[in-house]
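Participant: Provided herewith is a single structure, encoded as structure tokens, for subsequent inquiry.
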Amino acid sequence: MSDRILKDAYNMKKLIREAEALADESMLAFAKLKQAMLTARQNPEVEVDTGQRALMRLNQAEQQAMAMSTNLLRVHDELSKVARVKARDDQGVPTEITGSAIETADSVEA
Numbered sequence: 008m009s010d011r012i013l014k015d016a017y018n019m020k021k022l023i024r025e026a027e028a029l030a031d032e033s034m035l036a037f038a039k040l041k042q043a044m045l046t047a048r049q050n051p052e053v054e055v056d057t058g059q060r061a062l063m064r065l066n067q068a069e070q071q072a073m074a075m076s077t078n079l080l081r082v083h084d085e086l087s088k089v090a091r092v093k094a095r096d097d098q099g100v101p102t103e104i105t106g107s108a109i110e111t112a113d114s115v116e117a
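Note that my numbering has the sequence shown beginning at 8, numbered continuously upward.
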């Protein structure tokens with residue numbers, strides 16, 4: 008494998024991991040926000056239905072973040088397949104991704 012291809016492969020590996028980490032961070036932020044919203048709503052001075060629409064929209068955002076995370080796993084898997092073909096003897100670039108995460112997402116989406 009040429010130095011240019013190897014450099015590009017390592018750069019993409021770094022960038023996909025950064026994107027995956029950001030997707031995880033967004034899901035953590037959503038979880039913290041939901042917890043704060045529900046805690047605030049438990050105040051006896053607040054009506055029971057306060058913020059219900061906001062919670063529903065947050066739930067939609069969480070679902071979209073999960074879909075994004077799943078699609079990033081698919082991108083990672085495809086890039087790893089390319090790396091295995093292009094790298095051949097170079098064992099340092101590809102990342103093994105189990106099919107279970109991708110297959111599970113497919114069955115949930117159906």
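Cβ coordinates follow ideal geometry from the N, Cα and C atoms, glycine included.
Keep in mind the model is a prediction, meaning the values are calculated, not measured.
#1: Between the stretch 56-76 and the stretch 23-40, can you find at least three pairs of beta-carbon atoms closer than 8 Å?
#2: Classify N50 as helix, strand or coil using the three-state DSSP reduction.
#3: E54 to T46, Cα distance in whole Å?
#4: To the nearest whole angstrom, what separates the beta carbons of A90 and A16, a pair I think is in contact under 8 Å?
#5: How close, in whole Å, do the beta carbons of L65 and I23 come, if the pair is a contact with beta carbons under 8 Å?
#6: Have a look at L121 and L13 and give me their C-alpha separation to the nearest angstrom.
#7: Have a look at Q49 and R60 and give me their C-alpha separation to the nearest angstrom.
#8: DSSP state of V55, grouped into three classes?
#9: I'd like to check one pair, L62 with K88: are the Cβ atoms closer than 8 Å?
Facilitator: So, from the listed chains and residues:
#1: yes
#2: Your numbering for residue 50 matches position 43 in the sequence shown. It is coil, neither helix nor strand.
#3: The count along the sequence shown starts at 1 and reaches residue 54 at position 47. The count along the sequence shown starts at 1 and reaches residue 46 at position 39. Cα-Cα distance, rounded: 13 Å.
#4: Walking along the sequence shown from the start, residue 90 turns up at place 83. Walking along the sequence shown from the start, residue 16 turns up at place 9. The pair is a contact, with the Cβ atoms about 6 Å apart (cut-off 8 Å).
#5: Start at 1 with the first residue of the sequence shown, and residue 65 comes out as number 58. Start at 1 with the first residue of the sequence shown, and residue 23 comes out as number 16. Rounded, the Cβ-Cβ distance is 27 Å, inconsistent with contact.
#6: Look at the range of the chain in this structure, 8 to 117, and you will see that residue 121 is not part of it.
#7: The sequence position of residue 49 within the sequence shown is 42, counting from 1. The sequence position of residue 60 within the sequence shown is 53, counting from 1. For Q49 and R60, the distance between alpha carbons rounds to 16 Å.
#8: Here the question's residue 55 lines up with position 48 in the sequence shown. If DSSP states are grouped into helix, strand and coil, V55 belongs with coil.
#9: Within the sequence shown, residue 88 is the residue found at index 81, counting from 1. Within the sequence shown, residue 62 is the residue found at index 55, counting from 1. Contact: no.
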